[in-house]
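These notes are about the structure you will find just below.
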Amino acid sequence: MPVEAFNKFESRDQLAEALSDRIAELLDLDFASGAFASIALSGGSTPKGVLDRLGPKLGANMEMIYFALVDERNVSPEDDRSNEKMIRNHLGLQQHPASEFLSLYAENQDASGAAELAHGKLLADEELPFDVVTLGMGTDGHTASFFPGGDNLNAATDPDTEKLFLPMLAPGAKEPRITMALPPIASAKSLFLHIEGDEKLAIFEEALKDGPADDMPIRHVLRHPDVNLQVYWAG
Ligand code: 6PG
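In my numbering, the protein residues as written are 15 to 249.
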């Protein structure tokens, strides 16, 4: 069953409180055993309220977390379009400089070079599978940077690919992207989809129906046999 739980909230604040509680609880399981916990986060604008609440809940434990990005726009971490910048700011990571953060940006590299470097780093860090992965969804049915018409959509959504990150160019994306491939997303111990608003709910319901996966690439995640998605939605 692709959707393990569909959690509906009356307000976006309530959702943010509940999802940040849940993520903090899951990461805490690993701290309790003395291990490092790991999380890969999506960017965009929807996660900001969750991250604002999650930072204080994790507190100093952030230094025992391996943070990664599900996808990134190929811009420097100082750029306002950077997912890394957004996530660091909203979590308050600057107060915990010892935390590990897998950046997907590499100076003087194009998206392809940056994806290759991130692939090598994540392999070397031996952080797979992630304890938690969070996804968002665009109104075109993309998730991560699996965009309709993306030049690397087939490679990135191949359930057997050995690549952990791939570059992606797509008509619906402003700049070249770097995306996590499907296998490290599908293998997450806990996988969340956070969406808000009636329009995204209708698109998600459409994605659950039959139809070509490449038209609504979130279907590649929904149809992966190992995926048990926990959906968080508020209107
Ligand atoms: C990004 C993403 C992307 C995002 C959706 C939803 O870099 O944009 O990580 O996959 O989750 O585009 O974005 P919004 O939350 O801004 O609607």
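Heads up, the beta-carbon is just placed ideally off N, CA and C, and yes, glycines get one too. These numbers were taken from a predicted model, which means no experiment stands behind them.
Closer than 7 angstroms: residue i CB and nearest the ligand 6PG heavy atom
i: A158; result: yes
i: D85; result: yes
i: M182; result: no
i: G186; result: no
i: N166; result: no
i: G249; result: no
i: G14; result: Residue 14 lies beyond the residue range present for the chain, which begins at 15 and ends at 249; the question has no answer from this structure.
i: S14; result: One cannot answer for residue 14 here, as it falls past the ends of the chain, which runs 15 to 249.
i: M151; result: yes
i: S117; result: no
i: N97; result: yes
Pick from the options that is closest to residue i, judged by C-alpha positions
i: Q109; options: A170, A74, A169 and L43; result: A74
i: P198; options: L40, H238 and G58; result: H238
i: F115; options: E86, F81, H133 and R102; result: F81
i: D229; options: G155, F218, G211 and L149; result: G155
i: A221; options: D212, K214 and R233; result: R233
i: P16; options: H104, T60, E213 and L207; result: L207
i: Y246; options: R102, M182, L41 and P61; result: P61
Expected contact under 8 angstroms - CB spacing of residue i and residue j to nearest Å
i: G152; j: A184; result: Incorrect: roughly 10 angstroms between the Cβ atoms, too far for contact.
i: R191; j: E86; result: 7 angstroms
i: Q28; j: A248; result: 7 angstroms
i: S113; j: R67; result: With a Cβ gap of about 17 angstroms, S113 and R67 do not count as contacting.
i: K203; j: P143; result: 6 angstroms
i: T157; j: P231; result: 7 angstroms
Check: residue i C-beta below 7 angstroms from any heavy atom of the ligand MN
i: S59; result: Looking for the ligand MN in the displayed structure turns up nothing; the ligands present are the ligand 6PG.
Which complete beta strand (DSSP E) runs does the region 69-106 hold, if anything under 3 residues is left out? 79-83 and 85-87
Which complete alpha helix (DSSP H) runs does the region 197-225 hold, if anything under 4 residues is left out? Taken in chain order, the complete alpha helix (DSSP H) segments of 4 or more residues contained in the region 197-225 are 212-221.
Which runs of the beta strand (DSSP E), 3 residues or longer, sit entirely within the region 37-65? 51-55
Beta strand (DSSP E) segments (min. 3 residues) lying fully within the region 153-182: If only complete runs of 3 or more residues are kept, the region 153-182 shows the beta strand (DSSP E) at 179-182, in order along the chain.
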